[in-house]
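Novice:
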Amino acid sequence: MDGVHDLGGREGFGPIEVDEFERNFNTDWEARMWGVNGAMAQDRSWTLDWWRHVRELIAPNDYLTRPYFDQWMQIYAALMVDSGIATVKELARGRSDGSRPDLDPPLKAEDVLEATRKTARFDRPVDRAPAFEVGDRVVTRSHGHSGHTRLPRYAMGRPGVIQASHGAHVFPDLKARGKKHAEPLYSVAFQAADLWPEAAGRRDRVFLDLWESYLER
Amino acid sequence: MASYDSDKVAQIHRELASHLPSDPALRVKALESLLVEKGMVDPAAVDALVELYSEEIGPKRGAKVVARAWVDPAFKARLLEDASAAIDDFGYLGHATGHLKAVENTDQVHNLVVCTLCSCYPFALLGMSPAWYKANAYRARAVRDPRGVLAEFGVSLDDEVEIRVWDSTAELRYLVLPERPAGSEGLEEEALAALVTRNTMIGTAVCRVPGDAGAS
């Protein structure tokens, strides 16, 4: 999706607001949102990539201005309305109309520690060999699509070199639509000069993790 | 069941934006209250998660891993080979660390981590990500103007140093293994860990021994 979330290389945002203080949460509501995210019952159809796509679909002005964890609130609200679990009216009032969704039960307090030790893996066995090897020269595809994808605009149609091969990983463009598919994933190295007009002569590189269907010879 | 319909969700976002309370704190409170009434969340579990991430899970974990790599060459080799397995020694495996990759800074190479498309971060190892990491300016500029970004963090590198920017576009998550600073030769592992800040493990700072004039 060619949205405002695709920020890599966009100009005009000004200096970084460097905050030296290493606190975990700036406000109580951000802490609550983080906790709700980990503890709430979820619809099994909410894949990680659908979740990310729902964030990308937040209206551009809101996406660029609303705080990060406020956007998480907006994501869950939209997921719930989309899945028929809650109405906009219920979310606005913070009061239920009485309906209770048929979902797996939420996390219990005594199970929190164990739950935080769970690690999701995204590599999957596939019965075909990767098309590229480390050292191969590739070019990224120059067109995306209007759904979720992890090929940023700044790296479309650019030459790179396969730096590492990671086996097959869940393919986000399809997982965002609830479809199971895995394909080879590679770390691809790009010379800064191949990405940015002002970077001629710089030896810096940018590395992206890209799926096989984003790449051509 | 999700619709997986982009147009439908964009419309839902617009409706929500015009009906939800205007203050984010009230919006989150409304969400949590509704989830409790629907039997979808146990507030005690939310409390427990907040406590864990306020007290226990944070950059001190990553710092211990880095200090171990500085004193134990065999561990460092394992960390660079399979960082997820290496942090499992410490019991740190968890949220967003299943495909962890450690990248090593040297006098020739400086690594910098970003997620331009959202704000992916190895939570179980480094805790909550800093505000600047999630901000538009960092996400936009880190891949294009890494030297300018580093200068704003007070880091200046020689022109000969190659900057490697890692844009976290898949489920791999990156840990920068910073250089062990000059002047730290006599320090024990625990004292070394105290030199490792969150930003040094993202690549926006370098480790220093306090008072050491030779650090750059």
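In the order they appear, the protein sequences are chains A and B.
Under the numbering used here, the first sequence is numbered contiguously, ending at residue 217.
Under the numbering used here, the second sequence is numbered contiguously, ending at residue 216.
Every residue gets a Cβ at the ideal spot worked out from N, C-alpha and C, and that includes glycine.
So for ALA86 (chain B), helix, strand or coil by DSSP?
Specialist: helix
Novice: Determine the direct distance from the alpha carbon of GLY147 (chain A) to that of GLY9 (chain A), and round the result to whole angstroms.
Specialist: 21 angstroms
Novice: Looking at GLY94 (chain A): is its Cβ nearer than 8 angstroms to the Cβ of SER22 (chain B)?
Specialist: no
Novice: Following the continuous alpha helix (DSSP H) through ASP62 (chain A), name the residue where it begins and the one where it ends.
Specialist: 60 to 65
Novice: Return the chain-ordered ranges of every beta strand (DSSP E) run that is complete within the segment 36 to 119 of chain B and spans a minimum of 3 residues.
Specialist: 100 to 104 and 109 to 114
Novice: Against HIS169 (chain A), what residues of chain D qualify as contacts under a CB-to-CB distance less than 7 angstroms, listed in chain order?
Specialist: Among the protein chains of the structure shown, namely A and B, there is no chain D.
Novice: Among B:PHE153, B:HIS110, B:VAL103 and B:ILE87, which residue has its Cα nearest to the Cα of ALA124 (chain B)?
Specialist: Per the Cα distances, B:ILE87.
Novice: Give me the chain B residues within the contact set of PRO106 (chain A), using Cβ-Cβ distance strictly less than 9 angstroms, ordered along the chain.
Specialist: LEU35, GLY39, MET40, VAL41, ASP42 and ALA45
Novice: Quick check: the segment 86 to 104 of chain B against the segment 137 to 156 of chain B, are there 3 or more CB pairs under 8 angstroms?
Specialist: Contact between the segment 86 to 104 of chain B and the segment 137 to 156 of chain B is absent, because fewer than three Cβ pairs lie under 8 angstroms.
Novice: If you drop the 5 nearest sequence neighbours on each side, which residues of the same chain put their C-beta closer than 7 angstroms to that of MET33 (chain A)?
Specialist: PHE69, TRP72 and MET73
Novice: If you follow the alpha helix (DSSP H) that TRP51 (chain A) is part of, which residue opens it and which one closes it?
Specialist: 48 to 56
Novice: Whether or not the segment 140 to 154 of chain A and the segment 113 to 130 of chain A are in contact is what I'm after, with contact meaning three or more pairs of Cβ atoms, one per stretch, closer than 8 angstroms; do they touch?
Specialist: no
Novice: Applying the 10 Å Cβ sphere with the 16-neighbour rule, what's the burial state of LEU113 (chain A)?
Specialist: exposed
Novice: Could you name the residues that DSSP lists as bridge partners for TRP166 (chain B)?
Specialist: A:PHE207 and B:VAL113
Novice: Looking only at its own chain, which residues have a Cβ that is under 6 angstroms from the Cβ of ALA96 (chain B), when we skip the five neighbours before and after it?
Specialist: PRO122, PHE123 and ARG173
Novice: Whose Cβ in chain B lies nearer than 9 angstroms to the Cβ of HIS53 (chain A)?
Specialist: TYR4, SER6 and VAL9
Novice: Classify ALA142 (chain B) as buried or exposed, calling it buried when 16 or more other Cβ atoms lie within 10 Å of its own Cβ.
Specialist: Buried: at least 16 other Cβ atoms inside 10 Å.
Novice: Listed from N- to C-terminal order along the chain, which residues in the segment 132 to 145 of chain B have their beta-carbon within a distance smaller than 9 angstroms of any beta-carbon of chain A?
Specialist: TRP132, LYS134, ALA135, ASN136, ALA137, TYR138, ARG139, ALA140, ARG141, ALA142, VAL143, ARG144 and ASP145
Novice: Within the continuous alpha helix (DSSP H) that includes THR197 (chain B), where are the two ends?
Specialist: First-last for THR197 (chain B): undefined, no H or E at that position.
Novice: Does ARG203 (chain A) pass the burial test, meaning 16 or more other C-beta atoms within 10 Å, or should it be called exposed?
Specialist: That one is exposed.
Novice: Flag this pair as yes or no: are the beta carbons of ARG150 (chain A) and LEU117 (chain B) separated by less than 8 angstroms?
Specialist: yes
Novice: Would you mind telling me which residues of chain B sit closer than 7 angstroms to SER83 (chain A), beta carbon to beta carbon, in chain order?
Specialist: MET1 and ALA2
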